[in-house]
Structures are given as C-alpha cells and as structure tokens.
Amino acid sequence: MDEEYGTVVSVVVGGATRSIDTNSLPDHATGAFPNDGNPNTISAQTLSYEFPTEPTFTGDATFARAPGIAVNGVPFEPGTGESVSCESGENFRIEALQEFFNLGLDFNNAHVQPTGKYHYHGVSQMLVDAYAADEDLVHVGFAADGFLMYYSKSGDYRPSYVLSATARSGSNCTPSGPDNTSFDLAGTSPDGTYTSDWQYSEGIGDLDECNGTTIDGQYVYVVTGGYPYISRCLNGEFTDLGPDGGGPPPGGGPPPGGGPPPG
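Quick note on my numbering: the sequence shown kicks off at 1 and runs consecutively.
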C-alpha cells in the first residue's frame with residue numbers, strides 16, 4: 001500500500017494467469033475533483049482482473065472499451081461516454097483529449113467515472129516517471145489480452161493514424177450533457193475533436209491499428225502522445241473488462257460521421 005496516496009494494487013502470476021487486484025487509486029498526485037468538467041469524486045474501488053501470461057495473437061483487431069490496466073492499478077479507458085447527435089442522423093463520439101469540450105481531465109490526462117473510478121485517457125507523465133529506468137521503453141501496463149503495454153521516452157514508435165481529409169456532415173447537432181446547445185457541423189474539417197476525425201493509415205507510422213508492434217520477437221502495445229494515445233482495439237484473445245469508458249462500437253472502427261464543436 002502507498003501510504004501517501006492510499007494506492008493498493010496486487011499483481012500475482014499463477015500458472016497461465018496474471019491476477020490483478022486494485023482499488024484504482026493512483027500512486028501519484030491528481031487534479032482536483034469534482035471540477036467544472038467532471039462532477040465526480042475519486043473513491044477507492046474493489047476491482048479484480050485476470051489476464052493470460054501466455055497471450056494468443058490473433059491479428060483480428062477487436063474493439064476494447066477498456067484495453068488494460070496500468071502497473072499502478074489504474075484502468076486505461078481511452079474512449080468517452082460523451083457524444084454529439086445530429087437531427088440529420090450523424091452521431092459522433094467526443095474525444096477526451098481535445099480543446100472544445102471540457103471533460104474535466106487533470107494533468108495526468110485522467111478523470112473520474114460517476115462510480116468514483118479514476119482512469120487514464122492518455123499518457124500520464126507521473127506514471128511514466130514513477131516506473132522509468134535507463135531503457136527507452138517503460139513498462140506502464142498490462143493489456144486485457146495479456147500482452148504488455150509500454151511507453152517510449154524517445155517517442156520512436158509513431159502511431160499510424162491521420163486526420164481525415166473528408167469534411168464532416170451534420171445539421172442541428174446536440175452534445176450530450178447539460179450543455180445542449182445545437183449547432184451545425186456540415187462542411188467543417190476534422191481536427192481530432194471526435195473519434196471519427198481519425199483514420200488508420202497502414203504503414204504511415206511504426207504501430208499497427210491497435211498501437212501495437214513486435215519488439216525483440218514480442219508483440220507489445222505502445223501508449224503514445226498522439227492518437228489513439230492508448231489502444232482502442234486489441235490483437236489478442238481477451239474478455240471485455242466492463243462497460244465503463246465509452247468509445248466506438250465493437251469492431252475497432254470509429255462511429256459513423258463526425259463533426260466539430262460549435263464555432
């Protein structure tokens with residue numbers, strides 16, 4: 001147990017299973033919660049996970065709402081539950097790491113679920129610094145399919161996503177949440193505000209669709225500073241970690257359509 005922050009996490013390997021028990025409290029400082037963009041209070045959880053120690057690579061990229069757990073026991077949940085719906089039929093998932101909608105993220109790119117669960121939407125530099133050594137790759141987590149998750153201090157492993165060149169569509173669009181002011185999205189350019197702003201472009205970077213690659217004969221996932229930040233899909237066999245976190249529909253792809261915020 002971390003006496004300063006109250007973190008409790010246990011990682012035990014038995015046979016072909018890695019068992020993780022955690023209260024989801026980080027072992028580093030957090031921002032203030034509740035805040036203007038996030039009305040929830042951090043509280044200790046009782047969470048248990050089992051991941052294989054000998055993962056099976058399928059190459060079948062499958063959407064993962066909660067792709068893994070950080071080494072300090074805090075869940076990785078890159079997607080959100082917030083969206084914009086248009087009367088013209090489009091529905092767009094709002095990204096956590098964007099500048100137009102205030103989702104109350106702190107300096108760790110994290111915030112809190114209504115249940116009190118603190119979770120990461122992107123890279124936490126405090127997490128990286130706590131577990132970094134001399135090597136470029138820092139082990140930061142365990143993916144649900146059993147493969148390990150790393151962060152590259154040099155940024156040598158680049159994601160393979162680019163902003164779409166296709167203008168968005170959508171009229172009379174309304175965001176979820178208390179601010180339900182309608183706006184039009186037709187003809188605006190993708191800028192990363194929405195999940196569907198991004199497209200996978202094989203080979204443009206170093207990582208595959210799930211932000212993974214093979215290093216020294218081992219398949220791993222890489223947490224990156226650019227989209228998708230944390231894997232949105234997994235290439236191994238896994239069991240869904242639960243309903244929290246939001247994100248695109250199963251299948252690894254983004255929701256249809258897309259559009260910018262008002263203005």
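Backbone N, C-alpha and C define an ideal beta-carbon position, used for all residues, glycine too.
For the pair H28 and E87, the Cα-to-Cα distance works out to about 43 Å.
Going by C-alpha positions, R168 is about 35 Å away from G141. According to the DSSP assignment, Y118 belongs to the beta strand (DSSP E) that extends over 118 to 120. Pairing F107 with S196 gives a Cβ-Cβ distance that is not under 7 Å. Per DSSP, reduced to three states, the secondary structure at S85 is strand. Taking 8 Å as the upper bound for CB-CB distance, S48 and D21 are in contact here, some 5 Å apart.
C233 is positioned such that its CB atom lies closer than 7 Å to that of A64. DSSP places A61 inside the beta strand (DSSP E), whose first and last residues are 57 to 63. By the criterion of at least three beta-carbon pairs nearer than 8 Å, the region 207 to 216 is not in contact with the region 110 to 125. Checking the DSSP bridge columns, you'll see C210 has no partner listed. In this structure the region 121 to 140 touches the region 95 to 110; the number of beta carbon pairs closer than 8 Å is three or more.
Y49 sits in a strand when the DSSP states are folded into three classes.
Distance from the Cα of A143 is smallest, within the candidate group G14, S10, F33, E237, for E237. The three-state reading of DSSP puts S196 in helix, counting H, G and I together. The beta carbons of F57 and P67 sit no closer together than 7 Å. With a minimum length of 3 residues, the unbroken runs of beta strand (DSSP E) contained wholly in the region 104 to 167 fall at 110 to 112, 118 to 120, 137 to 143, 148 to 152, 161 to 163. Between the alpha carbons of S10 and S19 lies a distance of about 8 Å. The continuous beta strand (DSSP E) containing T174 extends over residues 173 to 175.
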